[in-house]
Amino acid sequence: MDLLFDTKRRLVQFICFWVWLCFVFLGSSLTESQSTLQWQTQPSQQTVDAGSSVSFSCLAQYSKKIHAYEWEYNNQTLATDLDARFTTSDEDRTLTISSTELEDRGDYRCVAIRKGKIIGKSQNAALNVRGICSSVQLSSKPSGTKFLTGTNLQLRCKCYIYPLGTYTWTKGGVPVVEDARVTVNRNKLLINNASEGDSGSYSCKATTKDSSINKTPTTPLAFTVVVGKHPQFQVRPQTEYVVLQGTDKLIPCKAIGSPVPDIKWYAGDNRSPLQDTSKYTIHENGSLLIRNVNKQDALKYKCTAKNLVGEKVAEITVKLASLDDVVLEKAKLYVLLNDETEVICKKPWGIPEPTITWEKADSQPLPKRFGVQGCCTLKNNRSKLADSGITLV
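First residue of the sequence shown? That's 1 in UniProt numbering, and the numbers climb one at a time after it.
Listed below in structure tokens is the structure:
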């Protein structure tokens, strides 16, 4: 029993020693990174006029030497060497921004560095820059110039103003009237369940709080709201075209719909639409012109008509015309007068499928006693002397 008790006591002592050791190391680490770092001076919030200068300062006290100070802007390291307006002094403890711009607004803070590692960060200091944007930017969400009825639209007037100013929306030069569907939320114009009557040119005016400065966009935002109709082919291309090598081929593809469908052509397995080149021309009516058709142009083509409502696709195959030589089973036949005559030719392969016609050597039509059996057999029940010279065309 004494031996067992002594073993347990030693085990408890061993565990306690390791627990104590862990607390020592943890406490040392906390002391190293946090406990002894104190900020004597921290950057503070500032508001300045655009074009003026502003400075932020910091100073920290640490149990060991602080090797360097850095600055962060909006939680990202500030690269002061990339902009001559940003400079540091007092061993980088002071950050100065000369000729302050509106884009400089945001949060700044100081970072203490020892042996290349961050040992502490100051509080954030907000920089507000008084002024107004140099130009107004208009945008819509969703983007585009044509929308279907029922679409919810959000128009945005992008222009920074500090202190907070006002935004005024106009349509066709007339102030926008708010109602249950159309509302203004600061710099945004919201149009719910858009109708055709919402089509037009929109603009916005940004004004400073003291009304001393106004800014407007150089170009209004114009769009059209339409009743959607699925694309339909008004002139649909054939499924197959046979073309003589070296010639040009015009393939029609005209579609209607609302909005007017956008026509695009694709060749082979290429996912990129065809563009106007020395080989191809896509006309305004959607037709595709292929110049100097050759073996490489014998492909499957696709014409797509697409608008906001849907898409229609027509697939076309272009083949080169070809024809094998015509071959007779017998080049010459000798028959007795009044005997039956039968001339057989082997049907040649070709694109498109060839047809066989018969005529006399002098290009005169065949006498009525001649008849054609199937595609390739010429029969004459009673041969005459005048029948000499029948040829195949």
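Virtual Cβ for every residue (Gly too), placed ideally from N, Cα, C.
Tell me, please, which residues DSSP counts as bridged to residue i.
i	result
G200	F223
D262	K306
G131	Y162
G350	L323
L102	None, per the DSSP bridge assignment.
A206	Y167, K215
S57	T94
G371	K379
P175	T170
S89	T94
K280	Here residue 280 turns out to be Tyr, not Lys, going by the sequence shown. Y280 is bridged to I290.
E72	T77, R109
K384	K384 is not bridged to any residue.
T183	L190
T317	E240, K300
K254	V235
E342	K379
K65	DSSP lists no partner for K65.
L366	None, per the DSSP bridge assignment.
Kindly indicate the opening and closing residues of the beta strand (DSSP E) around residue i.
i	result
G106	106-114
T168	166-171
R156	153-158
L250	249-251
H230	229-235
K295	Taken as a continuous stretch (DSSP letters only), K295 belongs to no beta strand (DSSP E), as it is neither H nor E.
Q40	38-41
I119	117-121
Q46	46-49
K141	137-141
N192	No beta strand (DSSP E) contains N192, which DSSP labels as neither H nor E.
K146	146-148
Using only the alpha-carbon positions, how far apart do residue i and residue j sit?
i	j	result
S140	E103	23 Å
K384	I351	37 Å
I316	C253	11 Å
G200	K146	11 Å
G131	S203	21 Å
K65	A112	10 Å
T208	R109	29 Å
L189	R156	6 Å
Q238	E284	19 Å
G165	I290	58 Å
S52	G150	48 Å
N193	A79	47 Å
V372	K379	6 Å
L127	W71	14 Å
N75	G106	10 Å
L30	Y73	Bear in mind that the predicted position of L30 carries a pLDDT of just 41, short of 50, making it unreliable; the figure below should be weighed with that in mind. Spanning the two alpha carbons is a distance of roughly 27 Å.
N152	S143	12 Å
T100	V54	7 Å
I344	I356	11 Å
N381	V335	11 Å
F25	Q154	With a pLDDT of 46 at F25, under the threshold of 50, the modelled position of this residue cannot be trusted; read the value that follows with caution. Cα-Cα distance, rounded: 57 Å.
R181	L82	47 Å
W169	P217	11 Å
S212	C133	13 Å
L299	V235	21 Å
Y280	L138	37 Å
T183	S258	27 Å
A125	T219	37 Å
P354	F370	21 Å
D198	N270	40 Å
D179	I256	35 Å
At a threshold of 7 Å, does residue i count as lining the ligand ATP (C-beta to nearest heavy atom)?
i	result
L366	For the structure depicted, the ligand ATP is absent and the ligand set is empty, with no information on it obtainable.
Please check the pair residue i and residue j, which I expect to be a contact at CB under 8 Å, by giving their CB distance rounded to whole angstroms.
i	j	result
Y301	Y266	7 Å
Q38	A60	7 Å
V226	E196	7 Å
V129	A50	5 Å
P273	N307	P273 to N307, Cβ: 16 Å. No contact.
K332	C376	At roughly 18 Å, the Cβ-Cβ gap does not stay under 8 Å, so K332 and C376 are not in contact.
T96	T87	5 Å
V136	K158	7 Å
S287	L250	6 Å
Y62	T36	6 Å
S57	T41	6 Å
I263	A222	With 8 Å as the limit, I263 and A222 do not qualify as a contact, their Cβ atoms being about 23 Å apart.
L323	P348	6 Å
Does the structure place the region 227-238 close enough to the region 302-319 that three or more beta carbon pairs sit under 8 Å? yes
Could you check whether the region 243-261 touches the region 282-301, counting it as contact only if at least three pairs of C-beta atoms, one from each stretch, sit closer than 8 Å? yes
Do the region 119-126 and the region 86-99 touch if we need at least three Cβ pairs shorter than 8 Å? no
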